[in-house]
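Novice: Residue numbers (the numbering used here): 134 to 380. Backbone N, C-alpha and C define an ideal beta-carbon position, used for all residues, glycine too. Take a look at the following structure, please.
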Ligand SMILES: NC(=O)c1ccc[n+]([C@@H]2O[C@H](COP(=O)([O-])OP(=O)(O)OC[C@H]3O[C@@H](n4cnc5c(N)ncnc54)[C@H](OP(=O)(O)O)[C@@H]3O)[C@@H](O)[C@H]2O)c1
């Protein structure tokens, strides 16, 4: 047994990039996958693909800035499959910009998706996991949650917050036998850079990530690793980068 087979795994931000790759890989390894994101067409066709390949999957349109929708996503997993074993809080945005550009709407968007979205995921999963006396919450931070660079201030702040929230959660849920993991990726080739509205920052980041960025499968393998460890092993934090990444 790989300790993945048969687990019910909810993934936010499953419509592209890291979430999509992880859904496919964990499904291949025998997990039941519940996919959440706003682009319903994408997650529905992914669920269809996973089912066609012999897996179990369902898709539910979810905006993580809405706590009721995040609760409905996790509840749908429990209703359909009887439990929720893993929540991968992966949905996120990275519209980099210098503070002096005063892109207040983008700051708020990052706070709403990257921080509040993760908190809503925890709020949705925790009651079920407490009752089960088992479960695993995996939160996606970033190298930018460890480092600050010009243009990354708000993004780094949200990703640092995820590390704080995850470590606090880890300490608070011991009595319920829950596991918590922070995964902090470096550069990975996904759609993440599409939302950068400052042209020169987007261009520089695209050039860099095209050059050194990893495939999302690198992230998927790490998620599989932390889930597959025996239940008494709690891998709390992983930081990974392309070998060529300097920052
Ligand atoms: N790629 C990297 O180099 C890298 C490095 C470090 C950390 N990360 C983190 O990895 C995570 C995944 O990003 P990615 O690289 O895979 O980028 P991506 O391809 O742009 O995927 C982002 C995902 O988040 C979802 N999302 C955004 N806003 C949402 C909302 N309001 N409600 C629900 N879902 C929402 C998107 O789905 P919809 O648009 O369909 O809703 C999409 O599925 C993010 O947290 C990101 O910060 C990525």
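Who are the Cβ neighbours of residue 226 in its own chain at under 7 Å, not counting the five residues just before and after it?
Specialist: 242, 243, 246, 247, 328
Novice: Cα separation between residue 229 and residue 134?
Specialist: So the alpha carbons of these two residues sit roughly 42 Å apart.
Novice: Output needed for residue 335: all residues of its chain with C-beta closer than 7 Å, excluding positions within five of it in sequence on either side, in chain order.
Specialist: Here the set comprises 326, 329.
Novice: First and last residue of the alpha helix (DSSP H) that includes residue 368?
Specialist: First-last for residue 368: undefined, no H or E at that position.
Novice: Would you mind reading off the limits of the alpha helix (DSSP H) that contains residue 250?
Specialist: 250-265
Novice: Taking 7 Å as the cut-off, is the CB of residue 267 close to at least one heavy atom of ligand 1?
Specialist: no
Novice: Note the first and the last residue of the continuous alpha helix (DSSP H) segment covering residue 172.
Specialist: Unbroken run through residue 172: none, as it is neither H nor E.
Novice: Ends of the alpha helix (DSSP H) at residue 160?
Specialist: 150-161
Novice: Check the DSSP bridge columns for residue 272 and list the partner residues they point to.
Specialist: Note: residue 272 sits in a beta bridge opposite 222, 315.
Novice: Is residue 250 near residue 224, with beta carbons less than 8 Å apart?
Specialist: yes
Novice: Can you tell which of 288, 283, 331, 272 has its C-alpha closest to the C-alpha of residue 303?
Specialist: 272
Novice: Around the Cβ of residue 105, are there at least 16 other Cβ atoms within 10 angstroms (buried) or fewer (exposed)?
Specialist: Outside the shown range of the chain, which is 134 to 380, sits residue 105, and nothing can be said about it.
Novice: Rounded to the nearest angstrom, what separates residue 372 and residue 319 at their Cα positions?
Specialist: Between residue 372 and residue 319, the C-alpha separation is close to 8 Å.
Novice: In the DSSP assignment, find the unbroken beta strand (DSSP E) run with residue 144 in it and report its ends.
Specialist: 141-145
Novice: Answer yes or no: do residue 183 and residue 144 have a C-beta to C-beta separation smaller than 8 Å?
Specialist: no
Novice: DSSP three-state call for residue 236: helix, strand or coil?
Specialist: coil
Novice: Are at least three pairs of beta-carbons, each pair with one atom in the region 337-346 and one in the region 307-314, less than 8 Å apart?
Specialist: No: fewer than three Cβ pairs fall under 8 Å.
Novice: Helix, strand or coil for residue 380? Go by DSSP, reduced to three states.
Specialist: Of the three classes helix, strand and coil, the one that applies to residue 380 here is coil, per DSSP.
Novice: For the alpha helix (DSSP H) containing residue 213, list its first residue and its last residue.
Specialist: Per DSSP, the continuous alpha helix (DSSP H) segment holding residue 213 begins and ends at 200-214.
Novice: In angstroms, rounded to a whole number, what distance separates the CA positions of residue 284 and residue 344?
Specialist: 20 Å
Novice: Could you check what DSSP says for residue 246 in three-state terms: helix, strand or coil?
Specialist: helix
Novice: Would you kindly work out how many angstroms separate the C-alpha atoms of residue 139 and residue 209, rounded to a whole number?
Specialist: 16 Å
Novice: Does the beta carbon of residue 219 fall short of 7 Å from some heavy atom of ligand 1?
Specialist: No, Cβ of residue 219 sits at least 7 Å from all heavy atoms of ligand 1.
Novice: Whether or not the region 257-274 and the region 212-219 are in contact is what I'm after, with contact meaning three or more pairs of Cβ atoms, one per stretch, closer than 8 Å; do they touch?
Specialist: yes
Novice: Can you give me the start and stop residues for the beta strand (DSSP E) that residue 191 sits inside?
Specialist: Taken as a continuous stretch (DSSP letters only), the beta strand (DSSP E) holding residue 191 covers 189-194.
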